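Before any comments, here is the structure.
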Amino acid sequence: IIIVAAIASTVFVRTRMHTGTENDGALYFGALVFCVVINMFNGFSELSMTISRLPVFFKQRDLLFYPAWVFTLPNMLLKLPISVFESAVWMVMTYYTMGFAPEAS
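The sequence shown begins at 1443 in our numbering and counts up one residue at a time.
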């Protein structure tokens, strides 16, 4: 995500975003959509791991070993700090250079 953030920072480089015309709004909207799409596709790598765990989940559920929330809660709690860290790295690298903030501080 660091490499993609560096590329995005150079594609949408504006240390000060102009907001007066429709073209400026289109550039702002394009940068926002790009950020959302990249962060969404970044999470797709976890999809294959989740699908590979489904047989274990269904077996434990069908045999009444554990309720569903007991199986999913540890996975969510373990992945939450990683997701927050990735989003923070993305924000630190792109927020000022794309012009979402008027100053770097």
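In this text, a Cβ means the ideal position worked out from N, Cα and C, and glycines have one as well. Just so it is clear, the structure is predicted and the values come from calculations on it, not from any experiment.
The DSSP-derived three-state label of Thr1514 is helix. If only uninterrupted alpha helix (DSSP H) runs of at least 4 residues are considered, those enclosed by the stretch 1443-1507 are 1444-1453, 1464-1484, 1487-1494 and 1496-1504.
By the CB criterion at 8 Å, Thr1539 and Val1475 fall outside the cutoff. Gly1472 counts as exposed, since fewer than 16 other C-beta atoms from the protein chains shown sit within 10 angstroms of its C-beta.
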